[in-house]
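Q: Residue numbers (my numbering), protein chains in the order written: chain A, 5 to 500; chain B, 31 to 384.
Ideal Cβ placement from N, Cα and C applies to all residues, glycine included.
My structure is below; once you've seen it, I'll send some questions.
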């Protein structure tokens with residue numbers, strides 16, 4: 005369960021010397037190095053992986069971030085950036101030989117520009133805080149990851165976070181205009197512009213979702229959207245997953261792009277209902293929540309249309325929320341699905357793959373088979389509009405070997421996603437968690453190209469080393485343990 | 031599906047060019063050769079590398095080989111009541127999917143429906159060593175690895191030869207109509223901003239110097255309600271107006287003056303520059319016909335937080351895109367080397383030295 009401690013290039017700094025140098029450029033309370041002070045930083049949202057960092061710094065200005073980066077660059081010390089630490093793939097997992105750079109104190113909203121519908125914020129500003137600040141202007145920030153009350157915009161950019169409204173409103177990459185980045189050398193650069201595009205290569209897109217491997221984000225300008233006039237939701241129950249899948253396709257085929265389209269399977273429905281009593285039909289094989297937003301008249305027209313489509317598709321029950329309160333109750337079960345499943349089992353592990361939507365019935369059937377093979381229960385929640393599947397594996401970390409079995413099952417599920425034409429991560433990132441599955445998703449040629457991209461920004465590999473993109477050697481070792489369809493993935497590489 | 035896969039031949043050509051250090055200019059339908067700096071190098075024609083590889087309307091994704099005519103893709107989508115929401119300009123009958131993505135130019139729907147890059151889900155490409163690489167995929171959400179697909183969008187072929195592209199597509203709106211009202215430029219900028227700040231189904235907004243044009247798209251009831259709120263006169267051939275604007279066949283563009291594209295924050299006031307201008311993208315894209323010095327135009331655009339590009343005409347030997355800050359320029363050179371170490375792919379088409 006340790007991260008791979010690959011030796012980075014450059015000299016290893018002696019720890020006490022580095023701490024002394026940091027204390028010269030930062031206030032005393034912004035440098036943490038005692039084990040009890042480091043403990044809160046030993047993991048992010050993927051708590052199965054833990055490691056104490058060498059040192060933690062909490063700069064409160066961009067100038068301080070630059071000074072830290074210059075110092076680390078000079079000493080050849082790796083740097084791992086961290087926002088709120090809510091990430092689910094271990095992207096901010098520390099290393100014993102690296103500095104952990106917390107951006108939490110850079111938490112000011114710098115400017116809201118209602119005329120241009122933008123907000124300029126520091127990276128440590130919480131996702132939800134942006135929408136709250138924009139609300140008096142009738143505006144909001146669209147991407148809403150489930151952790152939005154806690155997660156920060158800097159982390160959202162680093163992971164290209166999504167949320168339940170992606171199908172209509174896009175991911176983080178579609179909703180930001182400009183970032184300011186401190187490079188590994190400590191230089192401050194602007195990527196993107198205040199206009200809708202910028203000259204040259206689309207570095208804004210490249211850096212979004214780059215998991216802290218290419219630079220440290222110190223400012224973000226986001227696009228704001230007008231708050232919809234009305235939001236309405238429909239709940240539909242199905243006695244077969246296939247029917248629910250076909251109903252989703254029917255809505256899209258009718259030319260409707262709902263603002264949210266969520267599916268839960270039987271185990272997830274039962275767990276959520278037992279927890280929050282949202283009134284879900286617990287005998288259903290699947291439920292769909294379909295949210296429509298927009299102008300008042302448009303919502304009424306669409307809701308009637310969706311209702312008709314769902315009934316025609318074979319829904320056993322269709323309910324439209326009567327008022328705002330009932331709408332929130334419908335959503336409550338879905339939003340509480342993860343903790344609800346958590347109540348059924350001492351631990352649960354949340355996976356994140358994307359599949360072409362039409363393959364859903366097959367994928368869920370095969371996840372069911374894997375679940376039986378491994379003797380571990382799996383509940384599924386699904387962003388049905390965009391094909392992003394979150395299987396939740398129930399396990400008990402105190403039972404010897406169960407975490408390892410869980411991880412192996414998780415890996416199998418991700419590989420299944422790749423096999424049906426999908427991907428190993430829709431919105432949680434690769435981090436350390438899915439680094440082996442990157443060897444399944446990509447061939448050595450693509451991985452080599454990724455390393456070349458990384459080197460264009462960070463030739464010495466000091467930014468978040470060992471994350472997001474595996475070395476070819478790691479893939480060779482993983483492939484040796486894990487022979488696919490009787491064929492080795494990397495026959496050209498030597499085995500160790 | 032139809033078409034032919036010329037990957038092998040193209041791979042051989044790029045690998046040979048890499049080995050001999052011979053610059054190549056990548057050619058699709060040849061409709062955008064006017065754009066960017068002057069092309070140079072041995073032509074590498076993608077002609078014949080065509081065909082829609084997969085299209086599943088309910089998945090909202092289409093994948094096609096790069097020389098597939100844009101018109102063919104749009105026709106197939108239209109038959110399924112779908113569209114490319116970035117409304118790409120063709121600039122000629124031969125426009126291809128590859129050229130559309132490599133140039134990264136989006137049409138009037140861009141501020142409301144997203145740009146080309148917002149709809150690119152995956153690519154298959156040849157890097158400058160002639161290696162066939164695949165990035166992204168055919169799913170909406172994918173954060174595995176760096177986003178190389180979007181990096182290729184607008185890179186003018188300097189980082190790779192696009193072989194295949196997967197795009198997100200969207201349903202065509204049930205109803206579309208265009209409203210017109212006369213306005214001054216100041217009033218137009220203010221009004222376009224005000225409407226964009228409200229939840230109205232606006233899908234295009236432009237000001238041609240005399241009139242403000244506004245397109246509404248969506249469900250019948252929503253469009254009707256918004257029309258009542260906004261007012262103005264119904265344009266009989268609204269579709270024709272936006273098409274002429276998109277393709278630069280609107281009367282404004284009939285000029286021998288250099289054409290500049292200024293990309294600015296939408297609420298930026300009218301710029302004090304000599305020449306004639308037309309505002310699109312709700313004020314965020316401003317076309318300028320002017321023979322004012324480049325430095326003056328670039329300075330005015332940069333002053334708003336935006337940038338300026340010499341879109342068509344004048345000298346194509348010098349820089350046509352807005353100069354980059356030195357640190358960014360360094361990153362651009364590093365990235366170019368990472369994809370094309372011998373510097374053979376469309377050298378100098380985007381910037382000198384790239």
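Let's test the definition: count the other Cβ atoms within 10 Å of the Cβ of residue 51/A and tell me whether it reaches 16, buried, or not, exposed.
A: Residue numbering aside, residue 51/A sits at position 47 when the first chain is read from its first letter. With fewer than 16 other Cβ atoms within 10 Å, it is exposed.
Q: Which residues, taken in chain order from the region 109 to 130 of chain A, show a beta carbon closer than 9 Å to some beta carbon of chain B?
A: Cβ contacts with chain B: 117, 118, 119, 120, 121 and 122.
Q: Report the rounded CA-to-CA distance for residue 206/B versus residue 283/B, giving the unit in angstroms.
A: Within the second chain, the letter at position 176 stands for residue 206/B. Within the second chain, the letter at position 253 stands for residue 283/B. Looking at the two C-alpha atoms, the distance is approximately 25 Å.
Q: Could you say if the region 447 to 467 of chain A and the region 417 to 432 of chain A meet the contact criterion of at least three C-beta pairs nearer than 8 Å?
A: With the cut-off at 8 Å, the region 447 to 467 of chain A and the region 417 to 432 of chain A do not touch.
Q: Quick check: what's the CA-CA separation for residue 43/B versus residue 192/B?
A: Position 13 of the second chain holds residue 43/B. Position 162 of the second chain holds residue 192/B. Rounded to the nearest angstrom, the two C-alpha atoms are 14 Å apart.
Q: What residues are listed by DSSP as bridge partners for residue 354/A?
A: For this step, residue 354/A is matched to residue 350 along the first chain. Looking at the DSSP assignment, residue 354/A forms a beta bridge with 396/A.
Q: Counting only beta-carbon atoms, is residue 445/A nearer than 8 Å to chain B?
A: Position 441 of the first chain, counted from the first residue, corresponds to residue 445/A. Interface residue, yes.
Q: Hey, residue 395/A and residue 371/A: beta-carbon distance below 8 Å or not?
A: Residue mapping note: residue 395/A aligns to position 391 of the first chain, counting from 1. Residue mapping note: residue 371/A aligns to position 367 of the first chain, counting from 1. Yes, the pair counts as a contact, with Cβ atoms nearer than the cut-off.
Q: Using a Cβ-Cβ cut-off of less than 7 Å, give me the residues of the region 68 to 84 of chain A that come near chain B, in sequence order.
A: Hits within the stretch: zero.
Q: Roughly how many angstroms lie between the CA atoms of residue 366/A and residue 138/B, to the nearest whole one?
A: By 1-based counting over the first chain, the position of residue 366/A is 362. By 1-based counting over the second chain, the position of residue 138/B is 108. Cα to Cα, residue 366/A sits roughly 40 Å from residue 138/B.
Q: Could you work out which residues of chain A lie near residue 314/B, taking near to mean beta carbons separated by less than 8 Å?
A: The residue you call residue 314/B lines up with position 284 of the second chain. Per Cβ cutoff of 8 Å: 199 and 200.
Q: Nearest chain B C-beta to residue 358/A closer than 8 Å, yes or no?
A: Taking the first residue of the first chain as 1, we reach residue 358/A at position 354. Answer yes: the Cβ-Cβ gap between residue 358/A and chain B drops below 8 Å somewhere.
Q: For residue 72/B, is the classification buried or exposed, using 16 other Cβ atoms within 10 angstroms of its Cβ as the cut-off for buried?
A: In the second chain, residue 72/B corresponds to position 42, counting from 1. Result: exposed.
Q: With C-beta atoms as the reference, is residue 309/B less than 8 Å away from residue 218/B?
A: The residue given as residue 309/B occupies position 279 in the second chain. The residue given as residue 218/B occupies position 188 in the second chain. Yes. Within cutoff.
Q: Against chain A, does residue 306/B count as a neighbour if the rule is that its beta carbon must be under 8 Å from one of theirs?
A: For the purposes of this step, residue 306/B is identified with residue 276 of the second chain, where counting begins at 1. With 8 Å as the cut-off, residue 306/B does not count as an interface residue toward chain A.
Q: Return helix, strand or coil for residue 235/B, following the three-state DSSP convention.
A: Working through the second chain from its first residue, we reach residue 235/B at position 205. Strand, per DSSP.
Q: Going along chain B in order, which residues have a C-beta closer than 9 Å to the C-beta of residue 477/A?
A: If you number the first chain from 1, residue 477/A lands on position 473. Residues of chain B passing the Cβ test: none, with the nearest at roughly 18 Å.
Q: Would you say residue 152/B and residue 206/A are within 8 Å of each other, going by their C-beta atoms?
A: Along the second chain, read from residue 1 onward, the residue named residue 152/B stands at position 122. Along the first chain, read from residue 1 onward, the residue named residue 206/A stands at position 202. No. Outside cutoff.
Q: Taking the straight line between their C-alpha atoms, what separation do you get for residue 183/A and residue 145/A?
A: Taking the first residue of the first chain as position 1, residue 183/A is located at position 179. Taking the first residue of the first chain as position 1, residue 145/A is located at position 141. Using only the alpha carbons, I get a separation of about 16 Å.
Q: Could you tell me the distance, in whole angstroms, from the CA atom of residue 112/A to the CA atom of residue 125/A?
A: Looking up residue 112/A in the first chain gives position 108. Looking up residue 125/A in the first chain gives position 121. Those two C-alpha atoms are separated by around 6 Å.
Q: Mind pulling the alpha helix (DSSP H) runs of 4 or more residues that sit fully within the region 152 to 237 of chain A?
A: Correct list: 157 to 163, 170 to 173 and 207 to 211.
Q: Could you check what DSSP says for residue 123/A in three-state terms: helix, strand or coil?
A: As a position in the first chain, residue 123/A is number 119, starting the count at 1. If DSSP states are grouped into helix, strand and coil, residue 123/A belongs with the strands.
Q: Along the region 245 to 258 of chain A, where does the CB come closer than 7 Å to a CB of chain B? Name the residues.
A: Taking 7 Å as the Cβ-Cβ cut-off against chain B, the residues of the region 245 to 258 of chain A that qualify are 253, 256 and 257.
Q: Report the option in 222/B, 171/B and 324/B whose CA atom is closest to the CA atom of residue 340/B.
A: Within the second chain, the letter at position 310 stands for residue 340/B. Nearest option by C-alpha distance: 324/B.
Q: When we look at the beta-carbon of residue 139/A and count the other beta-carbons within 10 Å, is it buried (16 or more) or exposed?
A: For this step, residue 139/A is matched to residue 135 along the first chain. When all chains shown are included, residue 139/A counts as exposed.
Q: Just checking, does the region 273 to 283 of chain B make contact with the region 252 to 259 of chain B on the three C-beta pairs under 8 Å criterion?
A: Short answer: they don't touch.
Q: Apply the 10 Å Cβ neighbour rule to residue 148/B and answer buried if 16 or more other Cβ atoms are within range, or exposed otherwise.
A: The count along the second chain starts at 1 and reaches residue 148/B at position 118. Residue 148/B comes out buried.
Q: Check the Cβ-Cβ distances between residue 320/A and every residue of chain B, and say whether any is below 8 Å.
A: Translated into positions along the first chain, residue 320/A becomes position 316. Cβ-Cβ to chain B under 8 Å: no for residue 320/A.
Q: I'd like the span of the beta strand (DSSP E) that includes residue 43/A, first residue to last.
A: Numbered from its first residue, the first chain carries residue 43/A at position 39. From DSSP, residue 43/A is part of no beta strand (DSSP E); its letter is neither H nor E.
Q: Report the residue from 293/B, 241/B and 301/B whose alpha carbon sits nearest the alpha carbon of residue 419/B.
A: No answer is possible for residue 419/B: the residues shown for chain B start at 31 and end at 384.
Q: At the level of alpha carbons, what is the spacing between residue 352/A and residue 405/A?
A: Position 348 of the first chain, counted from the start, is the residue given in the question as residue 352/A. Position 401 of the first chain, counted from the start, is the residue given in the question as residue 405/A. In a straight line, the C-alpha of residue 352/A is about 15 Å away from that of residue 405/A.
Q: Do you know offhand how far residue 220/B's Cα is from residue 134/B's?
A: As a first step, residue 220/B is located in the second chain; it is residue number 190 there, counting from the start. As a first step, residue 134/B is located in the second chain; it is residue number 104 there, counting from the start. Spanning the two alpha carbons is a distance of roughly 28 Å.
Q: What does DSSP give as the partner residue(s) for residue 241/A in the beta ladder?
A: Stepping through the first chain from its first residue, residue 241/A is reached at position 237. In the DSSP output, where bridge partners are listed per residue, residue 241/A has 291/A and 321/A.
Q: Helix, strand or coil for residue 312/B, going by three-state DSSP, please let me know.
A: The residue you call residue 312/B lines up with position 282 of the second chain. Residue 312/B: helix per DSSP, three-state reduction.
Q: Just confirm the distance between the C-beta atoms of residue 289/A and residue 363/A, as a whole number of angstroms; I'd bet it's less than 8 Å.
A: Taking the first residue of the first chain as 1, we reach residue 289/A at position 285. Taking the first residue of the first chain as 1, we reach residue 363/A at position 359. 17 Å between Cβ atoms; not a contact.
Q: Cα-Cα, which of 295/A, 71/A and 178/A is closest to residue 232/A?
A: As a first step, residue 232/A must be located in the first chain, where it is residue number 228. Among 295/A, 71/A and 178/A, the Cα nearest to that of residue 232/A belongs to 295/A.
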